[in-house]
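When you read off a place in the sequence shown, starting at 1, and then add 48, the result is the number in the numbering used here.
Idealized CB from N, CA, C, for every residue including glycine.
Being a predicted model, the structure only gives us computed values, none of them experimental.
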Amino acid sequence: MSMLSTMLGAFFGALFGYWFALYQQKQEWHARRGMLLNLLREELNFIGRKLPSYDVGKAIYRDPIRLCAPSRLLDGQALTFLADGSLIALLLKLQVAVSKHNDFVQVTNLAQASSAVPDHAHEQWYNEISLHHQAVVAVRDQLLGFISKV
């Protein structure tokens with residue numbers, strides 16, 4: 049009987065240890081997810097809604113948009129495809145919009161720094177940057193709406 053109680057004690061101890069490890073893992077997952085969603089909200093709020101008005105006499109220098117939270121959220125440790133598919137899709141959409149914006153911004157910044165730009169080209173660049181910025185803002189607004197419900 050003593051051996052049976054020892055074996056049962058070991059079994060229940062191992063079962064409790066396993067349950068506690070799963071519980072801690074779930075708590076860590078929730079904390080990581082919550083912290084990264086808060087960081088995403090803060091980063092998205094730094095993206096301005098509108099660009100400054102067009103002025104032919106000024107260079108259209110823009111800083112690229114740099115975000116940390118989307119890649120961290122998409123690394124597989126904070127979101128799951130089964131539960132967070134819509135959020136993952138929006139984050140991927142944001143990454144595409146930001147990438148297109150940044151590519152165009154970097155090219156125009158470099159072009160303006162290296163040569164004189166005719167007024168008509170200058171205005172076209174501004175309009176193109178505005179379109180890319182509007183695309184980023186549209187996804188940003190979708191994400192902020194989605195996060196507010198989570």
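Beta-carbon separation (whole angstroms), residue i vs residue j, contact threshold 8 Å
{"i": "isoleucine 113", "j": "valine 184", "result": "6 Å"}
{"i": "leucine 135", "j": "phenylalanine 68", "result": "Contact flag wrong, Cβ pair sits at about 29 Å."}
{"i": "alanine 62", "j": "leucine 87", "result": "Alanine 62 to leucine 87, Cβ: 37 Å. No contact."}
{"i": "leucine 122", "j": "valine 187", "result": "With 8 Å as the limit, leucine 122 and valine 187 do not qualify as a contact, their Cβ atoms being about 14 Å apart."}
{"i": "leucine 92", "j": "leucine 192", "result": "6 Å"}
Backbone CA spacing between residue i and residue j [nearest angstrom]
{"i": "leucine 168", "j": "leucine 115", "result": "Note that residue 168 is histidine in the sequence shown here, rather than leucine. Answer to the nearest angstrom: the Cα atoms are 32 Å apart."}
{"i": "valine 198", "j": "arginine 120", "result": "18 Å"}
{"i": "phenylalanine 59", "j": "arginine 81", "result": "33 Å"}
{"i": "alanine 126", "j": "leucine 85", "result": "9 Å"}
{"i": "glutamine 154", "j": "glutamate 90", "result": "24 Å"}
{"i": "lysine 106", "j": "asparagine 175", "result": "14 Å"}
{"i": "serine 151", "j": "leucine 70", "result": "It should be pointed out that residue 151 corresponds to aspartate in this sequence rather than to serine. Looking at the two C-alpha atoms, the distance is approximately 43 Å."}
{"i": "valine 104", "j": "glutamine 73", "result": "56 Å"}
{"i": "phenylalanine 64", "j": "glycine 57", "result": "10 Å"}
{"i": "leucine 142", "j": "threonine 54", "result": "57 Å"}
Option in the options with minimal Cα separation from residue i
{"i": "asparagine 157", "options": "Arg110, Leu139, Gln75", "result": "Arg110"}
{"i": "leucine 140", "options": "Phe60, Gln190, Ala58, Asn175", "result": "Gln190"}
{"i": "tyrosine 102", "options": "Trp173, His180, Ser196", "result": "Trp173"}
{"i": "histidine 181", "options": "Leu52, Val144, Lys98, Leu92", "result": "Lys98"}
Secondary structure of residue i, DSSP reduced to three states
{"i": "valine 165", "result": "coil"}
{"i": "valine 277", "result": "Here the chain has residues from 49 to 198 only, and residue 277 is not among them."}
{"i": "threonine 128", "result": "coil"}
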